Amino acid sequence: MTKPYAAGGAYISRMSTYCKGCAYDPKLRTGERACPFTTLYWDFLDRHKETFVKNHRMSQQVFGLNKLKDVPELKLRAEQVLNGLSEGTI
């Protein structure tokens, strides 16, 4: 396998019914209504971009990450999500 498998909320929503009735918006990366899967996907990609850019199957996602203007807000939201998961509030 050459492509690490990780998915954001939009993909999960498109490929399953798990998002039906969820309070989070799978298309949002930041903000209170941002899907935790989407937030954590982009945060994971950002933290490992140096490794992923070397993989021809992941370089497109890294280039997409470089176009995002809200990475600082994304990092803050990812920290909130991870803390919420640790505390059991998300």
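Here the sequence shown is numbered in our numbering, starting from 3 and rising by one per residue.
All residues carry an ideal CB built from backbone N, CA and C; glycine is no exception.
Keep in mind it's a predicted model, so treat the numbers as computed, not measured.
Coarse secondary structure for residue i, derived from DSSP in three states
{"i": "D72", "result": "coil"}
{"i": "A80", "result": "helix"}
{"i": "A36", "result": "strand"}
{"i": "N57", "result": "coil"}
{"i": "G66", "result": "helix"}
{"i": "T91", "result": "coil"}
{"i": "Y43", "result": "helix"}
8 Å CB neighbourhood of residue i in its chain, flanking five on each side removed
{"i": "F46", "result": "A8"}
Close-in-space but distant-in-sequence residues of the same chain around residue i (CB under 6 Å, 5 per side omitted)
{"i": "T41", "result": "R31, R79, A80 and V83"}
Start-to-end residues for the alpha helix (DSSP H) that takes in residue i
{"i": "R16", "result": "G11 to M17"}
{"i": "T53", "result": "K51 to F54"}
Beta-carbon proximity check, residue i vs residue j, cutoff 8 Å
{"i": "D48", "j": "A36", "result": "no"}
{"i": "F54", "j": "G10", "result": "no"}
Neighbourhood of residue i by C-beta distance below 7 Å, restricted to the same chain and skipping five residues each side
{"i": "K51", "result": "V64 and L67"}
Residues that residue i bridges to, as DSSP identifies them
{"i": "D27", "result": "A36"}
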